[in-house]
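Top line first, the protein sequences correspond to chains A and B.
Here numbering that gives the first Met the number 0 is used: the first residue of the first sequence is 0, the next is one more, and so on.
Here numbering that gives the first Met the number 0 is used: the first residue of the second sequence is 0, the next is one more, and so on.
In this text, a Cβ means the ideal position worked out from N, Cα and C, and glycines have one as well.
Predicted model, so just to flag it, every value in this text is computed and none were measured.
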Amino acid sequence: MVSHWAMLLAGGIVLLAIVLVLVRALLGPTIYDRILAVNTFGTKTIIVVAILSILRGRPELLDIALLYTLINFVVTIAILKYKEAGRLD
Amino acid sequence: MYTVIEVVILVCLIGGAFFALTAGVGILRMPDFYSRAHPAGKSDTLAQTLIFIGLAFHSLHHEDLGLTAGVKLVLTAVFLFITAPTAVHAITRAAHLDGLKVWTKDGRDDN
């Protein structure tokens, strides 16, 4: 039972960290700051989804977390390639 | 009192939450892009690894979630452990190739 409270606490702290990272994504002087902040935002979102999945006893949300891991990585690389080359092909 | 597995879960989850908050504060407060890549690349990776290990211990400890949930959690943790620093490295390399200047305390440029 105590691990449920620890999960709730960890989820709340990660949500607070998401707010801090979002402030950086909105402020960020260069585009690379924004890309970095959005990448970190994605990682923390995966953590929140996994905590929610275990907390609510719904293991199917873990598939969504795994899928979002792949999408997060590919989108970061795609945005960088678009910034570098000006096109995606 | 708490069992050993509960203490392990608690330490992993609270430590992971601490490192996640550290990464958030670091990304918000560090002075330039290259120093912001440090909390994003290291603290954040450690935070997600610790939290996923704690969740995997919890789901292996409670039989109703099943073995599949633990395996999926470990799989996601391993994949994130590989891809998150790689993405940060790619972003930093792109910024360096773009000619982004390094911040120094007195504002000079050593490049």
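Checklist line | Limits of the alpha helix (DSSP H) - the one that G65/B falls within | finding: First-last for G65/B: undefined, no H or E at that position.
Notebook entry, point to check: What does L66/B touch in chain A if you count any residue whose Cβ is under 8 Å from its own?
Noted result: Below the 8 Å Cβ cutoff, chain A contributes no neighbours of L66/B, its closest Cβ being approximately 10 Å away.
Checklist line | Spatially closest choice to R23/A from G85/A, I30/A, A36/A and L15/A, by CA coordinates | finding: Residue A36/A is the option with its Cα nearest to R23/A.
Notebook entry, point to check: For G85/A and chain B, any beta-carbon pair shorter than 9 Å?
Noted result: No, G85/A does not count as interfacial toward chain B.
Next item on the list: Could you check what DSSP says for R23/A in three-state terms: helix, strand or coil?
Entry: Helix, per DSSP.
Next item on the list: Spell out whether any CB of chain B is found under 9 Å from the CB atom of D88/A.
Entry: Chain B, which has no Cβ nearer than 9 Å to the Cβ of D88/A, makes this no.
Next item on the list: Can you tell me which of the three DSSP states R57/A falls into?
Entry: R57/A: coil per DSSP, three-state reduction.
Item checked: Neighbourhood of I17/A by C-beta distance below 8 Å, restricted to the same chain and skipping five residues each side -> Excluding sequence positions up to five before and after I17/A, its CB lies within less than 8 Å of the CB of F40, K43, T44 and V47, all in the same chain and listed in chain order.
Check: Taking C-alpha atoms, which residue in L72/B, H57/B, A19/B and T82/B lies nearest to V74/A?
Finding: Of the candidates L72/B, H57/B, A19/B and T82/B, the one whose C-alpha sits nearest the C-alpha of V74/A is T82/B.
Notebook entry, point to check: When DSSP labels each residue in this structure, what does N110/B get in the three-state scheme?
Noted result: Note that N110/B scores a pLDDT of 49, beneath 50, so its modelled location is shaky; the value from the coordinates is reported in the next line. For N110/B, the three-state secondary structure derived from DSSP is coil.
Margin query: Assuming A55/B is part of the alpha helix (DSSP H), what are its boundary residues?
Written below: Element bounds for A55/B: D43 to H60.
Notebook entry, point to check: For the putative contact between A39/B and I26/B, defined by C-beta atoms under 8 Å, what is the C-beta separation to the nearest angstrom?
Noted result: Indeed, because the Cβ distance is near 6 Å, the residues count as touching under 8 Å.
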